[in-house]
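Report on the following structure.
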């Protein structure tokens with residue numbers, strides 16, 4: 005029996021209408037849907053986006069991929085999840101791992117794929133890109149990510165203030181992902197540099213409870229969702245070139 009095909013599908017930032025036509029087609033054809041979850045009792049955000057588009061007759065397999073920092077424990081979970089995927093592929097079934105945004109931008113899929121390839125190097129893999137939260141937020145706030153010869157960097161919000169200061173100093177446009185717990189630190193830096201009015205904070209873009217603001221002072225001493233992003237545009241408001 006030949007191996008099934010392994011898909012990595014980006015389901016976008018939250019709005020089901022932003023899934024690509026190809027993602028919709030494949031979700032309607034697969035035999036098994038792989039659902040990533042950080043905890044067993046937690047509902048999958050990716051599934052909440054794609055649930056109405058999935059083949060109603062397909063099986064589902066939950067992959068527990070916790071958000072932890074212990075590297076050895078992480079590796080154990082990746083290995084276990086990869087074994088579950090390969091077990092499905094060995095049955096000749098096509099299967100898809102769904103992930104928020106795009107599978108190639110800070111995605112759990114890329115880690116899982118490395119382990120699957122070690123266990124089943126001959127397996128056919130196809131990655132179906134999705135609209136990332138970065139692009140979606142840019143459209144939402146009505147601001148380009150970069151123009152002309154401007155520089156752009158996309159990084160997770162860092163714990164180290166010195167590293168954040170360096171990044172904000174060196175680039176014209178800065179996208180800070182997973183910024184929920186780092187807002188105060190970033191606000192301090194922006195105030196020190198006199199560019200607080202050139203930044204946007206967006207949380208849960210694409211979901212009904214999502215919001216964004218340019219009034220960052222109002223965010224002090226508040227904690228927001230993991231799905232939070234800050235976009236800093238140092239040339240915001242400059243005269244047109």
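Numbering (my numbering), first residue to last: 5 to 245. C-beta: ideal position from N, C-alpha, C; glycine also.
query: Output needed for residue 72: all residues of its chain with C-beta closer than 7 Å, excluding positions within five of it in sequence on either side, in chain order.; result: 78
query: Output the distance between the C-alpha atoms of residue 245 and residue 153, rounded to the nearest integer angstrom.; result: For residue 245, the predicted model reports a pLDDT of 45, less than 50, meaning its position is unreliable; a value from the coordinates is still stated below. So the alpha carbons of these two residues sit roughly 11 Å apart.
query: Assign residue 142 to buried or exposed, taking buried as 16 or more other Cβ atoms, counted over all protein chains shown, within 10 Å of its Cβ.; result: buried
query: Using a Cβ-Cβ cut-off of 6 Å (strictly less than) and excluding sequence neighbours within five positions of residue 16, which residues of its own chain qualify?; result: 22, 23, 134, 135
query: Does the distance from the CB of residue 69 to the CB of residue 48 come in under 8 Å?; result: no
query: Note the first and the last residue of the continuous alpha helix (DSSP H) segment covering residue 145.; result: 137-145
query: Going by other Cβ atoms of all chains shown within 10 Å of its Cβ, with 16 needed for buried, is residue 88 buried or exposed?; result: buried
query: Using the C-alpha atoms, what's the distance from residue 32 back to residue 124?; result: 25 Å
query: Express the C-alpha separation of residue 84 and residue 235 in angstroms, rounding to a whole number.; result: 36 Å
query: To the nearest angstrom, report how far apart residue 220 and residue 92 are at their CA atoms.; result: 47 Å
query: Looking only at DSSP bridge pairs, what is residue 175 linked to?; result: According to DSSP, residue 175 bridges with nothing at all.
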